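Colleague:
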Amino acid sequence: MRQWRSRWFEEREKLSAAEEQQVTEKALMVLIKGILSDRPRPGTTKSFTVEQVVQIVAIACEECEKSDRPVSHWTPSELADEAIKRGIVEKISPRSVGRFLKRSDITTTSRSLLVKCQS
């Protein structure tokens, strides 16, 4: 609650000026929404687009043999390498790939992936 009062107090001059100028109710609401809206939060921006994530998950649904990989099932490391090889991303860590798969509720064993993808 203190945060909102502080913001309101910091912007009191803008609000007073808007009232003195008798701005329209619509303009006043825009000003108030701007004052009370969330501020940008700290942290890094998203590194991967939704399209890139979908393409990586789609690779996980493919059979490894079709990608000339000498493995029996996809691992996050193999998927990361394949995504880079196909030009989907410039770089990606196996950990990021693992998070995509975990969020997608997909396992990395090829048999269960294929069953889920074909269902």
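Taking my numbering, the leading residue of the sequence shown gets 136, the next gets one more, and so forth. We put the beta carbon where it would ideally sit given N, CA and C, even for glycine. Note that this is a predicted model, so its numbers are computed, not measured.
Output the distance between the C-alpha atoms of residue 141 and residue 199, rounded to the nearest integer angstrom.
Modeller: Using only the alpha carbons, I get a separation of about 57 Å.
Colleague: Can you list, in chain order, the stretches of the alpha helix (DSSP H) that have 4 or more residues and sit fully within the stretch 176-209?
Modeller: Complete alpha helix (DSSP H) runs here, min 4: 185-195.
Colleague: Looking at C-beta atoms only, is the number of pairs between the stretch 217-230 and the stretch 187-204 that lie closer than 8 Å three or more?
Modeller: These segments touch.
Colleague: Is the beta carbon of residue 163 closer than 8 Å to that of residue 191?
Modeller: Contact flag unset, no.
Colleague: What's the C-alpha gap between residue 149 and residue 177?
Modeller: If you take the alpha carbons of residue 149 and residue 177, they lie about 26 Å apart.
Colleague: Alpha carbon to alpha carbon, how far is residue 230 from residue 211?
Modeller: Taking the straight line from one Cα to the other gives about 7 Å.
Colleague: In terms of residue numbering, what span does the alpha helix (DSSP H) encompassing residue 141 cover?
Modeller: Run containing residue 141: 137-145, per the alpha helix (DSSP H) assignment.
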